[in-house]
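S.K.:
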Amino acid sequence: MTTKSLAPFIFKWLSFCVGFGLLILLPNHSHALELHGALKQGGLILGQDQPGAQVFLDGEPIKVDSQGRFVFGFARDAGPEANLKIIYNDGKTLEQTLKIAKQVYQIERIDGLPQKTVTIPEEEKIRRAKETAMVREARKGVTEATDWVAGFMLPAEGRISGVYGSQRILNGEPRWPHFGLDIAAPLMTPVKAPASGVVTLAEREFLLEGGIIIIDHGFGLTSTLMHLAEINVSVGQQVKMGEVIAGLGATGRASGPHVDWRINWRSVRLDPALALEAGTLVKE
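The sequence shown begins at 59 in the working numbering and counts up one residue at a time.
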(Lines of atoms letter the chains of each structure in order from A and count residues from 1; the text may use other names and numbers.)
(Lines give C-alpha, C1' and ligand atoms only; values in the text may rest on other atoms or scores of the structure.)
Protein backbone atom coordinates (compact mmCIF):
# COMPACT_ATOMS: atom_id res chain seq x y z
CA MET A 1 0.00 0.00 0.00
CA THR A 2 1.42 3.43 -0.92
CA THR A 3 1.56 6.47 1.33
CA LYS A 4 -1.02 8.23 -0.83
CA SER A 5 -3.49 5.32 -0.82
CA LEU A 6 -3.24 4.99 2.97
CA ALA A 7 -3.58 8.72 3.61
CA PRO A 8 -7.40 9.00 3.19
CA PHE A 9 -7.90 6.47 6.01
CA ILE A 10 -5.35 8.20 8.23
CA PHE A 11 -6.84 11.64 7.74
CA LYS A 12 -10.43 10.45 8.14
CA TRP A 13 -9.33 9.14 11.55
CA LEU A 14 -7.41 12.35 12.17
CA SER A 15 -10.50 14.51 11.66
CA PHE A 16 -11.95 12.96 14.81
CA CYS A 17 -8.77 12.69 16.88
CA VAL A 18 -6.58 15.64 15.90
CA GLY A 19 -7.59 17.64 18.98
CA PHE A 20 -5.74 15.11 21.12
CA GLY A 21 -2.41 15.68 19.37
CA LEU A 22 -2.51 12.40 17.47
CA LEU A 23 0.86 11.16 16.20
CA ILE A 24 0.56 9.78 12.67
CA LEU A 25 3.13 7.31 11.37
CA LEU A 26 3.26 6.79 7.62
CA PRO A 27 4.79 3.65 6.04
CA ASN A 28 8.00 3.76 4.02
CA HIS A 29 9.04 7.03 5.67
CA SER A 30 11.49 7.61 8.49
CA HIS A 31 9.37 10.45 9.86
CA ALA A 32 6.03 11.11 11.53
CA LEU A 33 3.49 13.78 10.60
CA GLU A 34 2.00 15.29 13.74
CA LEU A 35 -0.96 17.68 13.70
CA HIS A 36 -2.58 19.29 16.74
CA GLY A 37 -5.84 21.24 16.60
CA ALA A 38 -9.38 21.20 15.26
CA LEU A 39 -10.18 20.70 11.58
CA LYS A 40 -12.99 23.26 11.82
CA GLN A 41 -13.81 26.70 10.48
CA GLY A 42 -11.68 29.07 12.58
CA GLY A 43 -9.37 26.24 13.67
CA LEU A 44 -5.65 26.57 14.42
CA ILE A 45 -3.36 23.68 13.48
CA LEU A 46 0.12 23.16 14.90
CA GLY A 47 2.13 20.70 12.82
CA GLN A 48 5.46 18.93 12.77
CA ASP A 49 7.14 16.66 10.26
CA GLN A 50 10.61 15.73 9.08
CA PRO A 51 13.13 18.60 9.14
CA GLY A 52 13.63 19.95 5.64
CA ALA A 53 10.11 19.10 4.47
CA GLN A 54 8.25 21.68 2.41
CA VAL A 55 4.60 22.28 3.36
CA PHE A 56 1.85 23.77 1.18
CA LEU A 57 -1.77 24.61 2.03
CA ASP A 58 -4.02 25.04 -1.00
CA GLY A 59 -0.92 25.60 -3.11
CA GLU A 60 0.53 28.32 -0.88
CA PRO A 61 3.87 27.65 0.89
CA ILE A 62 3.76 27.40 4.68
CA LYS A 63 6.77 28.49 6.72
CA VAL A 64 8.58 25.54 8.37
CA ASP A 65 11.30 25.82 11.03
CA SER A 66 14.53 23.81 11.28
CA GLN A 67 12.76 21.15 13.37
CA GLY A 68 9.98 20.67 10.81
CA ARG A 69 7.37 22.61 12.80
CA PHE A 70 4.70 24.72 11.12
CA VAL A 71 1.37 26.40 11.79
CA PHE A 72 -1.72 27.25 9.76
CA GLY A 73 -5.41 27.95 10.25
CA PHE A 74 -8.83 28.16 8.65
CA ALA A 75 -11.06 31.23 8.20
CA ARG A 76 -14.51 31.70 9.75
CA ASP A 77 -16.22 30.79 6.49
CA ALA A 78 -13.63 28.36 5.13
CA GLY A 79 -14.92 25.87 2.60
CA PRO A 80 -15.41 22.17 3.38
CA GLU A 81 -11.96 21.10 2.14
CA ALA A 82 -8.33 22.21 2.10
CA ASN A 83 -5.38 20.61 0.32
CA LEU A 84 -2.30 19.77 2.39
CA LYS A 85 0.86 18.86 0.47
CA ILE A 86 4.22 17.91 1.94
CA ILE A 87 7.37 17.36 -0.13
CA TYR A 88 10.19 15.48 1.61
CA ASN A 89 13.94 15.58 1.10
CA ASP A 90 13.86 12.10 -0.45
CA GLY A 91 11.52 13.38 -3.18
CA LYS A 92 8.43 11.62 -1.85
CA THR A 93 5.20 13.58 -1.55
CA LEU A 94 2.18 13.38 0.73
CA GLU A 95 -0.91 15.13 -0.61
CA GLN A 96 -4.24 14.98 1.18
CA THR A 97 -7.61 16.69 1.22
CA LEU A 98 -8.43 17.86 4.75
CA LYS A 99 -12.12 17.86 5.66
CA ILE A 100 -13.06 21.08 7.48
CA ALA A 101 -16.06 20.90 9.80
CA LYS A 102 -18.61 23.70 9.59
CA GLN A 103 -19.34 25.85 12.64
CA VAL A 104 -22.79 27.21 13.51
CA TYR A 105 -22.61 30.89 14.46
CA GLN A 106 -24.94 33.00 16.58
CA ILE A 107 -26.91 35.65 14.66
CA GLU A 108 -28.60 38.45 16.65
CA ARG A 109 -30.98 41.07 15.24
CA ILE A 110 -31.39 44.43 17.00
CA ASP A 111 -33.61 47.19 15.60
CA GLY A 112 -34.44 50.73 16.70
CA LEU A 113 -30.89 51.75 17.64
CA PRO A 114 -29.71 55.37 17.26
CA GLN A 115 -27.82 55.45 13.96
CA LYS A 116 -24.74 57.02 15.57
CA THR A 117 -24.22 53.79 17.52
CA VAL A 118 -24.38 51.73 14.32
CA THR A 119 -22.04 53.66 12.01
CA ILE A 120 -18.85 55.64 12.57
CA PRO A 121 -19.47 59.42 12.35
CA GLU A 122 -17.84 61.17 9.37
CA GLU A 123 -15.60 63.24 11.62
CA GLU A 124 -14.09 60.04 13.08
CA LYS A 125 -13.37 58.22 9.80
CA ILE A 126 -9.89 59.70 9.26
CA ARG A 127 -8.90 58.72 12.78
CA ARG A 128 -10.33 55.24 12.27
CA ALA A 129 -8.45 54.73 9.00
CA LYS A 130 -5.18 55.61 10.75
CA GLU A 131 -5.91 53.15 13.57
CA THR A 132 -6.76 50.25 11.26
CA ALA A 133 -3.55 50.91 9.31
CA MET A 134 -1.59 50.64 12.57
CA VAL A 135 -3.26 47.30 13.33
CA ARG A 136 -2.46 45.94 9.86
CA GLU A 137 1.17 47.01 10.26
CA ALA A 138 1.41 45.33 13.68
CA ARG A 139 0.07 42.04 12.31
CA LYS A 140 1.81 41.84 8.95
CA GLY A 141 5.18 40.40 9.97
CA VAL A 142 6.14 36.75 9.50
CA THR A 143 9.03 36.51 11.94
CA GLU A 144 11.31 33.57 12.74
CA ALA A 145 10.05 33.34 16.34
CA THR A 146 8.43 30.06 17.38
CA ASP A 147 6.70 31.13 20.59
CA TRP A 148 3.48 29.57 19.25
CA VAL A 149 4.82 26.01 19.67
CA ALA A 150 4.04 26.18 23.42
CA GLY A 151 0.33 26.77 22.73
CA PHE A 152 -2.06 29.27 24.30
CA MET A 153 -3.81 30.07 27.58
CA LEU A 154 -6.81 32.25 28.42
CA PRO A 155 -5.65 35.85 28.97
CA ALA A 156 -7.94 36.48 31.95
CA GLU A 157 -10.18 34.77 34.48
CA GLY A 158 -13.87 35.52 34.11
CA ARG A 159 -17.10 34.71 32.32
CA ILE A 160 -17.17 34.02 28.58
CA SER A 161 -19.50 36.76 27.34
CA GLY A 162 -18.92 36.66 23.59
CA VAL A 163 -17.78 34.03 21.11
CA TYR A 164 -16.03 33.91 17.75
CA GLY A 165 -18.08 34.09 14.57
CA SER A 166 -21.22 35.60 16.06
CA GLN A 167 -22.84 38.41 14.09
CA ARG A 168 -25.29 41.21 14.76
CA ILE A 169 -27.75 42.73 12.32
CA LEU A 170 -28.30 46.30 13.53
CA ASN A 171 -31.25 48.25 12.13
CA GLY A 172 -31.37 45.73 9.30
CA GLU A 173 -27.67 46.14 8.40
CA PRO A 174 -25.42 43.05 8.79
CA ARG A 175 -22.35 44.02 10.79
CA TRP A 176 -18.84 42.60 10.61
CA PRO A 177 -18.76 39.25 12.47
CA HIS A 178 -17.19 39.12 15.91
CA PHE A 179 -13.77 37.51 15.59
CA GLY A 180 -12.83 37.36 19.26
CA LEU A 181 -13.43 35.56 22.52
CA ASP A 182 -14.81 37.96 25.14
CA ILE A 183 -14.05 37.42 28.82
CA ALA A 184 -16.09 39.57 31.23
CA ALA A 185 -14.61 40.35 34.65
CA PRO A 186 -14.30 43.25 37.12
CA LEU A 187 -12.37 46.35 36.10
CA MET A 188 -8.60 45.99 36.38
CA THR A 189 -8.67 42.19 36.47
CA PRO A 190 -5.15 41.15 35.39
CA VAL A 191 -4.82 40.46 31.66
CA LYS A 192 -2.01 38.04 30.84
CA ALA A 193 -0.12 37.25 27.65
CA PRO A 194 -1.94 34.24 26.11
CA ALA A 195 1.40 33.10 24.64
CA SER A 196 4.95 34.38 24.59
CA GLY A 197 6.00 36.88 21.95
CA VAL A 198 6.99 40.44 21.10
CA VAL A 199 4.64 43.42 21.51
CA THR A 200 4.05 45.10 18.12
CA LEU A 201 1.28 47.52 19.16
CA ALA A 202 0.38 49.11 22.51
CA GLU A 203 -2.12 51.98 22.33
CA ARG A 204 -4.48 53.34 24.97
CA GLU A 205 -7.23 55.20 23.13
CA PHE A 206 -8.34 53.58 19.89
CA LEU A 207 -11.86 54.58 18.87
CA LEU A 208 -13.45 51.12 18.93
CA GLU A 209 -10.88 48.95 20.68
CA GLY A 210 -9.92 51.40 23.43
CA GLY A 211 -6.70 50.12 25.01
CA ILE A 212 -5.17 47.59 22.62
CA ILE A 213 -2.12 45.30 22.63
CA ILE A 214 -0.90 43.11 19.76
CA ILE A 215 1.65 40.35 20.39
CA ASP A 216 3.61 38.65 17.60
CA HIS A 217 4.11 34.94 18.35
CA GLY A 218 6.05 34.25 15.14
CA PHE A 219 5.31 32.67 11.74
CA GLY A 220 2.49 35.18 11.09
CA LEU A 221 0.55 34.29 14.26
CA THR A 222 -0.57 37.20 16.48
CA SER A 223 -2.81 37.83 19.48
CA THR A 224 -4.81 41.03 19.93
CA LEU A 225 -6.24 42.12 23.30
CA MET A 226 -8.74 44.98 23.41
CA HIS A 227 -10.78 47.27 25.71
CA LEU A 228 -7.91 47.47 28.21
CA ALA A 229 -8.05 50.01 31.05
CA GLU A 230 -4.31 49.92 31.70
CA ILE A 231 -1.34 48.88 29.55
CA ASN A 232 1.89 47.77 31.21
CA VAL A 233 4.02 46.95 28.14
CA SER A 234 5.53 48.83 25.22
CA VAL A 235 6.28 48.10 21.57
CA GLY A 236 9.31 45.86 21.13
CA GLN A 237 9.02 44.30 24.57
CA GLN A 238 9.34 40.52 24.89
CA VAL A 239 6.59 38.99 27.04
CA LYS A 240 6.17 35.49 28.43
CA MET A 241 3.03 33.37 28.47
CA GLY A 242 1.11 34.18 31.66
CA GLU A 243 2.88 37.49 32.29
CA VAL A 244 0.53 40.29 33.39
CA ILE A 245 0.53 42.87 30.60
CA ALA A 246 -2.60 44.96 31.23
CA GLY A 247 -5.67 45.66 33.32
CA LEU A 248 -9.08 44.65 31.99
CA GLY A 249 -11.40 47.53 31.14
CA ALA A 250 -14.38 48.88 29.22
CA THR A 251 -12.54 51.32 26.95
CA GLY A 252 -13.47 52.01 23.34
CA ARG A 253 -16.85 50.78 22.18
CA ALA A 254 -17.68 48.33 24.98
CA SER A 255 -20.90 47.68 26.87
CA GLY A 256 -19.09 46.62 30.04
CA PRO A 257 -15.70 45.55 31.41
CA HIS A 258 -14.20 42.68 29.42
CA VAL A 259 -11.18 41.71 27.34
CA ASP A 260 -11.69 40.82 23.68
CA TRP A 261 -8.99 38.31 22.64
CA ARG A 262 -8.33 37.70 18.96
CA ILE A 263 -5.90 35.49 17.05
CA ASN A 264 -4.73 36.01 13.48
CA TRP A 265 -2.64 33.78 11.26
CA ARG A 266 -1.43 36.05 8.46
CA SER A 267 -4.69 37.73 7.38
CA VAL A 268 -6.86 34.82 8.55
CA ARG A 269 -8.95 35.47 11.67
CA LEU A 270 -9.01 32.39 13.91
CA ASP A 271 -11.19 31.18 16.79
CA PRO A 272 -9.29 31.66 20.09
CA ALA A 273 -11.35 28.90 21.73
CA LEU A 274 -10.09 26.45 19.10
CA ALA A 275 -6.53 27.72 19.54
CA LEU A 276 -6.74 26.57 23.16
CA GLU A 277 -7.54 23.07 21.87
CA ALA A 278 -4.45 22.96 19.66
CA GLY A 279 -2.22 22.02 22.57
CA THR A 280 1.54 22.25 22.21
CA LEU A 281 4.46 20.96 20.16
CA VAL A 282 6.84 21.23 23.10
CA LYS A 283 8.19 17.79 24.00
CA GLU A 284 8.35 16.86 27.68
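Quick reminder that beta carbons are idealized off the backbone N, C-alpha and C, glycines included.
Is the separation between the beta-carbon of Ile272 and that of Thr258 shorter than 8 Å?
M.R.: Yes, the Cβ-Cβ distance between Ile272 and Thr258 is below 8 Å.
S.K.: Could you tell me which uninterrupted beta strand (DSSP E) segments, each at least 3 residues in length, are contained entirely in the stretch 115-154, listed from first to last along the chain?
M.R.: If we require 3 residues or more, the beta strand (DSSP E) runs fully inside the stretch 115-154 come out as 118-120, 127-131, 139-145.
S.K.: Determine the extent of the beta strand (DSSP E) in which Glu261 is found, giving its start and end residues.
M.R.: Segment 255-264, the beta strand (DSSP E) holding Glu261.
S.K.: I'd like to check one pair, Phe128 with Gly105: are the Cβ atoms closer than 8 Å?
M.R.: Yes.
S.K.: Within its chain, find whatever has a CB closer than 6 Å to the CB of Arg360; leave out the 5 residues flanking it on each side and keep chain order.
M.R.: Given a span of 59 to 342 for the chain in the structure shown, any question on residue 360 remains unanswerable.
S.K.: What does Asp23 pair with, by DSSP beta-bridge criteria?
M.R.: In this structure the chain extends from 59 to 342, so residue 23 is not present and cannot be described.
S.K.: Following the continuous alpha helix (DSSP H) through Met192, name the residue where it begins and the one where it ends.
M.R.: It spans 183-197 - the alpha helix (DSSP H) in which Met192 sits, taken as one unbroken run.
S.K.: Given a threshold of 16 other Cβ atoms within 10 Å of its Cβ, counted over all protein chains shown, does Glu139 qualify as buried or as exposed?
M.R.: Under this definition Glu139 is an exposed residue.
S.K.: When you compare each of Phe130, Thr151, Gln161 to Gly137 by their alpha carbons, which one comes out closest?
M.R.: For the residues Phe130, Thr151, Gln161, the minimum Cα distance to Gly137 belongs to Gln161.
S.K.: Just mark Lys250 as buried or exposed, buried being the case when its beta carbon has 16 or more other beta carbons within 10 Å.
M.R.: With 16 or more other Cβ atoms within 10 Å, it is buried.
S.K.: At what residues does the beta strand (DSSP E) containing Leu235 begin and finish?
M.R.: As written in the sequence, residue 235 is Pro, which differs from the Leu given in the question. Note, Pro235: premise wrong, no beta strand (DSSP E); not H, not E.
S.K.: Quick check on this structure: which residue in Lys341, Met246, Arg311 has the alpha carbon closest to the alpha carbon of Ile303?
M.R.: If we check each option's Cα against that of Ile303, Met246 comes out closest.
S.K.: Taking DSSP as the reference, what is the three-state secondary structure of Pro248?
M.R.: If DSSP states are grouped into helix, strand and coil, Pro248 belongs with the strands.
S.K.: Would you mind sorting Lys98 into buried or exposed? The rule is 16 or more other CB atoms within 10 Å of its CB.
M.R.: That one is buried.
S.K.: Does the beta-carbon of Thr204 have 16 or more other beta-carbons within 10 angstroms, so that it is buried, or is it exposed?
M.R.: Its Cβ being crowded by 16 or more others within 10 Å, Thr204 is buried.
S.K.: Which residue wins for smallest C-alpha separation from Val221, given the options Gly199, Arg134, Thr201?
M.R.: Minimum Cα distance to Val221 is reached at Arg134.
S.K.: So, helix, strand or coil for Leu339, using DSSP?
M.R.: Correct three-state label for Leu339: coil.
S.K.: Apart from the five residues on each side of it in sequence, which residues of its chain come closer than 6 Å, Cβ to Cβ, to Val113?
M.R.: Excluding residues within five positions, the ones whose Cβ falls inside 6 Å are Ile120, Val122, Phe128, Ile144.
S.K.: Counting C-beta neighbours from all protein chains within 10 Å, is the total for Asp148 16 or more, i.e. buried, or is it exposed?
M.R.: Result: exposed.
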